[in-house]
Amino acid sequence: MWNQTIFDKYNLLNSFKKKIKISSSYYFKKLSRDRQLRIHNYITSDDKKFYSNQNLFDAIFFELRTKCNSQCTFCAASIQNDIRPDITMSFELYEKVINELAEINYDKRISFHVNSEPLLVKNLHEYISLARKKCPNSWIQILSNGRSLNNQRGEEILNAGIDELSLNLYRKTLTEKLPMNIKKFEEEVLYKIYNKENVYHGLPGKINKKRFPKYIKYTKTKRLVEEVLSNRAGSAPNKKNNHELPNLGYCSHPFSQFNITVNGDVGQCCADFFFQSKMGNVKNNSILEIWNGNRFKNLRDSLKKSQRHNNLLCAGCDHFGMNNLPKNFIKRQIYKLLFINDD
Ligand code: SF4
Ligand code: SF4
1 MWNQTIFDKY NLLNSFKKKI KISSSYYFKK LSRDRQLRIH NYITSDDKKF YSNQNLFDAI
61 FFELRTKCNS QCTFCAASIQ NDIRPDITMS FELYEKVINE LAEINYDKRI SFHVNSEPLL
121 VKNLHEYISL ARKKCPNSWI QILSNGRSLN NQRGEEILNA GIDELSLNLY RKTLTEKLPM
181 NIKKFEEEVL YKIYNKENVY HGLPGKINKK RFPKYIKYTK TKRLVEEVLS NRAGSAPNKK
241 NNHELPNLGY CSHPFSQFNI TVNGDVGQCC ADFFFQSKMG NVKNNSILEI WNGNRFKNLR
301 DSLKKSQRHN NLLCAGCDHF GMNNLPKNFI KRQIYKLLFI NDD
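Following the numbering used here, the numbering of the sequence shown begins with 1 at its first residue and continues without gaps.
The structure is reproduced here in structure tokens:
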């Protein structure tokens with residue numbers, strides 16, 4: 001009961017902070033376009049520097065199945081909005097990519113969602129097991145809305161070797177109680193497999209695997225199913241009006257993410273809902289060929305120069321575009337004040 005109260009207070013505080021940010025964002029949009037861009041460049045400069053020294057993505061996302069079972073009004077993958085055919089990635093295609101990751105000793109994040117719900121893939125644990133075996137040092141994350149989490153699915157994915165299970169619980173209000181299936185999973189599975197002291201909640205970054213060989217990062221966040229977030233490059237169903245887009249420049253996504261959908265197409269970022277800005281296809285090329293190919297390079301060059309207008313999707317996107325919080329205190333505070341409509 002005590003935990004539940006703290007949890008609710010934390011979520012209510014977040015909702016209050018969000019309201020403050022919404023008004024700051026309103027005033028940001030009132031500034032001249034030139035000033036908006038200069039502020040954006042100032043805040044994102046550290047992130048830009050960070051990624052200019054990195055030559056590989058730090059997260060690979062497999063959209064294993066083009067389907068979700070939630071009704072988030074801000075997301076084109078929601079039940080009421082999705083118009084994509086329901087397709088699942090073949091295991092062979094997935095294995096090809098995992099083998100390539102194994103060849104380069106990939107040790108960064110592997111995730112099983114783009115605009116989709118990973119637990120809707122029936123044999124998800126088999127996909128996870130392969131990644132665990134071939135890329136033992138990678139960080140395997142399941143980010144889920146928790147709706148399909150039951151004891152059996154939970155046990156399967158934990159035993160397959162995930163490092164992280166993060167649940168975004170989308171509900172009408174932030175005060176709704178924890179769903180029964182999640183409670184049951186925690187009591188009957190999670191805390192049977194792991195000692196409580198080895199379940200880490202909300203730690204930033206990765207856990208030291210050598211120090212904590214038997215651990216899991218487990219987080220759950222209550223979120224509003226009817227929120228208005230970023231416009232996802234124009235795909236967000238509840239934010240179609242692009243007239244008031246702020247003038248933003250650099251975006252880190254094409255420097256940090258590699259998104260693959262069910263047929264092997266690689267998109268430019270997770271906001272590329274239909275994979276329409278195709279960087280390549282992993283059936284025809286290796287992941288490194290695509291990552292180092294001209295399409296990604298041209299996109300990154302434009303974003304480095306703060307020229308979102310050179311790319312059709314970026315030109316209509318209001319994603320703030322930064323992965324790491326600025327180290328500088330002032331930058332960080334300005335960012336926290338303005339960083340709202342994101343996901
Ligand atoms: S935000 Fe996530 S949970 Fe919600 S509809 Fe989209 S994919 Fe599903
Ligand atoms: S600005 Fe938007 S569309 Fe462009 S790379 Fe970033 S998230 Fe994707």
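We treat Cβ as the ideally placed atom computed from N, Cα and C, and that holds for glycine.
Check the C-beta distance from residue i over to residue j and give it rounded, since I have them as a contact under 8 Å.
i: A102; j: K134; result: 4 Å
i: G185; j: N151; result: Per the sequence shown, residue 185 should be read as Phe rather than Gly. Their Cβ separation, rounded to whole angstroms, is 6 Å, which keeps F185 and N151 in contact under 8 Å.
i: I104; j: I140; result: The Cβ separation is near 17 Å, so there is no contact.
i: R171; j: K222; result: 6 Å
i: N198; j: K214; result: 6 Å
i: D318; j: N259; result: With 8 Å as the limit, D318 and N259 do not qualify as a contact, their Cβ atoms being about 19 Å apart.
i: N115; j: A76; result: 7 Å
i: V266; j: N284; result: Between N284 and V266 the Cβ distance is about 10 Å, and since that is not below 8 Å, they are no contact.
i: S24; j: L337; result: 4 Å
i: W291; j: F57; result: 7 Å
Which residue marks the beginning of the beta strand (DSSP E) containing residue i, and which one marks its end?
i: E164; result: 164-171
i: I142; result: 139-144
i: S111; result: 109-111
i: K217; result: 216-224
Can you name the start and end residues of the alpha helix (DSSP H) that residue i belongs to?
i: I98; result: 91-103
i: T66; result: Premise fails: T66 is in no alpha helix (DSSP H) and is neither H nor E.
i: R153; result: 151-160
i: L130; result: 124-134
i: K336; result: 329-338
i: K183; result: 180-185
i: H201; result: Note, H201: premise wrong, no alpha helix (DSSP H); not H, not E.
i: S256; result: 253-256
Return yes when the C-beta of residue i is under 7 Å from any heavy atom of ligand 4, and no when it is not.
i: P254; result: Of the ligands one can find in the structure shown, namely ligand 1 and ligand 2, none is ligand 4.
So, at 7 Å on beta carbons, what are the nonlocal neighbours of residue i in its own chain, with the 5 sequence-adjacent residues on each side left out?
i: N193; result: Residue identity check: residue 193 is Ile in the sequence provided, not Asn. L158.
i: W2; result: Note that W2 scores 41 on pLDDT, short of 50, meaning its location in the model is unreliable; the coordinates nonetheless yield the value given after this. So the list is empty, once near-sequence residues are dropped.
i: R211; result: none
i: Q51; result: According to the sequence shown, residue 51 is Tyr rather than Gln. Result list for Y51: S252, F255, S256, in chain order.
i: S306; result: L37, N41, G249, Y250
i: P326; result: I43, D46, R332, Y335
i: Q268; result: P254, S277, M279, L299, L313
i: N247; result: R33, Q36, L37
i: G202; result: T219
i: A315; result: R308, H309
i: E100; result: S286, I287
i: E188; result: N151
i: A160; result: H125, I128, S129, R132
In chain order, what residues of the same chain have a beta carbon less than 6 Å from the beta carbon of residue i, not counting five sequence neighbours either side?
i: L303; result: Y250, C251
i: I98; result: L130, A131, K134
i: L224; result: none
i: I182; result: G146
i: N81; result: P237
i: D107; result: N137, S138
i: L93; result: G264
With a CB to CB cut of under 8 Å and the five nearest residues on each side skipped, what residues in its chain are close to residue i?
i: F227; result: Residue identity differs from the one stated: residue 227 is Glu in this sequence, not Phe. Closer than 8 Å at Cβ, skipping near neighbours: C72, T73, F74.
i: S148; result: N69, E117, L119, L120
i: N238; result: T73, F74, E226, V228
i: I87; result: R65, T66, V262, N263
i: K48; result: Y250, S252, K304
i: E156; result: L124, H125
i: E95; result: L130
i: K29; result: Q36, E244, P246
i: K144; result: A quick correction: the sequence has Ser, not Lys, at residue 144. Taken in chain order, the residues that qualify are H113, E117, P118, L119, L165, S166, L167, N168.
i: E289; result: G280
Any beta-carbon of chain B closer than 8 Å to the one on residue i?
i: A131; result: Absent from the structure is chain B; it holds one protein chain and no more.
*asked:* Considering only heavy atoms of ligand 1 and the C-beta of each residue, which residues fall inside 5 Å, strictly closer?
replied: C68, S70, C72, C75, A77, S78, N145
*Pick out the complete beta strand (DSSP E) segments inside the region 258-326, 3 residues or longer, and give them in chain order.*
265-267
_Quick check for students: name the residue ranges of the alpha helix (DSSP H) that lie wholly in the region 31-56, counting only runs of 4 or more._
33-52
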